[in-house]
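Undergrad: Okay, here's the structure, questions in a sec.
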Amino acid sequence: MRRELHEDNRLAWNAATVAHNSHKVDQAGFFYAGGSTLFPDELELLGELSGRTLLHLQCNAGQDTLSLARLGAAVTGVDISDEAIAFAQQLSTDSGIPATFVRSDIYDWFASAVQQPQRYDIVFTSYGVLTWVSDLRAWANGIASVLTPGGRLVLLEFHPFSMVFDWDWSHTFPYFAEGAPISYDHGVGDYVALSGGALSPSGHLDGVQDFVNPHRGHEFQWGVGEIVTALLAAGLTITTLREYPYSNGAKLFERMREFPGKQMVPPEDKPNVPLMLGVVAVR
């Protein structure tokens, strides 16, 4: 585990979170009025949430966490970014939706949580999460350790195959990286601005312009086989494995077209590729 890389990523996410939220209109009012940031694909994989205990790993600024709480789950969100957790806590207060938020590296959180009696019916994590996981086996083992018997992991992630492409659709990055970090000078970008409102359901503002992250970033590429194997090795049973030809909300590459439901697909001159991966795994 490369803790110094995690620290770089924490700083990069702190900066990016400010930029991302600058584009979103009155989020507290949006949630107070009954708004949700969840897509149908998450809801389908999650199933019934009323009365469930739910851990939201890498919860970012809490928008999805509060959407899950509104559906009846008792939620705990964990994220490495100080800025994201502070925003999430304030959003919970201002919207009147109760949730617990913890600022922590997920590996530190797992080490602490396994010593506590609390276990979760559902662990949920989504969209650009595994790319920040530096030790996939430890991640899977940590999830298994905090699930109730019969509890399940629900993962909806950008497909690892799509991560081999650069913004211009050129094949630039390796699919098989064997855990080696892919480092770059400017960390997390302003993908909310690039998505042109598809990730701003409360309304879109110009906000921060031409954002360049001042902190380095380090990502990790894990293939489908590595993800599945890590979950199986942790003692989980995979009950669902899905691939999707679109991404929800996020314009991952140039010239992506927006279909109904904010589904983003390749431009007409590009063939379809798997853009999202859905996994449900049961303890």
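Under the working numbering, the sequence shown has 233 at position 252, and the numbering climbs by one with no breaks.
Beta carbons: idealized from backbone N, C-alpha and C, even for Gly.
1) The beta strand (DSSP E) that contains residue 227, what's its start and end?
2) Can you give me the Cβ contacts of residue -17 inside the same chain, cut-off strictly under 6 angstroms, excluding the 5 residues immediately before and after it?
3) Indicate whether residue 141 and residue 90 have their beta-carbon atoms separated by less than 9 angstroms.
4) Of all the options 232, 51, 244, which has the alpha carbon lying nearest to the alpha carbon of residue 20?
5) So, under 8 angstroms CB-CB, residue 62 and residue -6 are touching, yes? Tell me the CB distance rounded to an integer number of Å.
6) Under three-state DSSP, which class holds residue 172?
7) Assign residue 194 to one of two classes, buried (16 or more other C-beta atoms within 10 Å of its C-beta) or exposed (fewer than that).
8) Where does residue 163 sit, in a helix, a strand or coil, going by DSSP?
9) What ranges does the alpha helix (DSSP H) occupy inside the stretch 23 to 76, keeping only unbroken runs of at least 4 residues that lie completely in it?
10) Determine the direct distance from the alpha carbon of residue 230 to that of residue 113, and round the result to whole angstroms.
11) Determine the closest residue to residue 213 out of 173, 261, 172, with distance taken between C-alpha atoms.
12) Whole-angstrom Cβ separation of residue 146 and residue 12, contact assumed at under 8 angstroms?
13) If I measure Cβ to Cβ from residue 66 and keep anything under 6 angstroms in the same chain, skipping five residues before and after, which residues do I get?
14) Could you give the C-beta distance for residue 73 and residue 47, rounded to a whole number, given that I count them as a contact under 8 angstroms?
15) What does a CB cutoff of less than 7 angstroms around residue 218 pick up in its chain, not counting 5 residues either side in sequence?
16) Would you mind working out which of 107, 53, 182 sits nearest residue 41, comparing C-alpha positions?
17) Is the separation between the beta-carbon of residue 258 and that of residue 227 shorter than 9 angstroms?
18) Compare the C-alpha of residue 16 against each of 237, 182, 31 and name the closest.
19) What is the residue span of the alpha helix (DSSP H) that residue 4 lies within?
20) Taking the alpha helix (DSSP H) that residue 8 belongs to, which residues open and close that run?
TA: Taking the geometry as given:
1) If you number the sequence shown from 1, residue 227 lands on position 246. Looking at the DSSP string, residue 227 is not in any beta strand (DSSP E), and its letter there is neither H nor E.
2) Residue -17 sits at position 2 when you count from the first residue of the sequence shown. Correct list, in chain order: 115.
3) Translated into the one-based positions of the sequence shown, residue 141 becomes position 160. Translated into the one-based positions of the sequence shown, residue 90 becomes position 109. No. Outside cutoff.
4) By 1-based counting over the sequence shown, the position of residue 20 is 39. Ranking 232, 51, 244 by Cα distance to residue 20 puts 244 first.
5) As a first step, residue 62 is located in the sequence shown; it is residue number 81 there, counting from the start. As a first step, residue -6 is located in the sequence shown; it is residue number 13 there, counting from the start. At roughly 4 angstroms, the Cβ-Cβ gap stays under 8 angstroms, so residue 62 and residue -6 are in contact.
6) Position 191 of the sequence shown, counted from the start, is the residue given in the question as residue 172. Three-state result, residue 172: helix.
7) The sequence position of residue 194 within the sequence shown is 213, counting from 1. So residue 194 ends up on the buried side.
8) Working through the sequence shown from its first residue, we reach residue 163 at position 182. Strand at residue 163.
9) 44 to 51, 63 to 76
10) Sequence index remark: in the sequence shown, residue 113 carries index 132 (1-based). Sequence index remark: in the sequence shown, residue 230 carries index 249 (1-based). Cα-Cα distance, rounded: 20 angstroms.
11) If you number the sequence shown from 1, residue 213 lands on position 232. It is 261 whose Cα lies nearest to the Cα of residue 213.
12) For this step, residue 146 is matched to residue 165 along the sequence shown. For this step, residue 12 is matched to residue 31 along the sequence shown. Going by Cβ atoms, the distance from residue 146 to residue 12 rounds to 34 angstroms, so no, they are not a contact pair.
13) In the sequence shown, residue 66 corresponds to position 85, counting from 1. Contacts found: 60, 82, 84.
14) As a first step, residue 73 must be located in the sequence shown, where it is residue number 92. As a first step, residue 47 must be located in the sequence shown, where it is residue number 66. At roughly 6 angstroms, the Cβ-Cβ gap stays under 8 angstroms, so residue 73 and residue 47 are in contact.
15) The residue you call residue 218 lines up with position 237 of the sequence shown. Result list for residue 218: 262, 263, in chain order.
16) Within the sequence shown, residue 41 is the residue found at index 60, counting from 1. For residue 41, the nearest C-alpha among the options comes from 107.
17) Here residue 258 refers to the residue found at position 277 when the sequence shown is read from its first residue. Here residue 227 refers to the residue found at position 246 when the sequence shown is read from its first residue. Not a contact, by the Cβ cut-off of 9 angstroms.
18) By one-based count along the sequence shown, residue 16 stands at place 35. Of 237, 182, 31, the residue nearest in Cα terms is 182.
19) As a first step, residue 4 must be located in the sequence shown, where it is residue number 23. That residue, residue 4, is in no alpha helix (DSSP H); it is neither H nor E in DSSP.
20) Taking the first residue of the sequence shown as position 1, residue 8 is located at position 27. Taken as a continuous stretch (DSSP letters only), the alpha helix (DSSP H) holding residue 8 covers 8 to 13.
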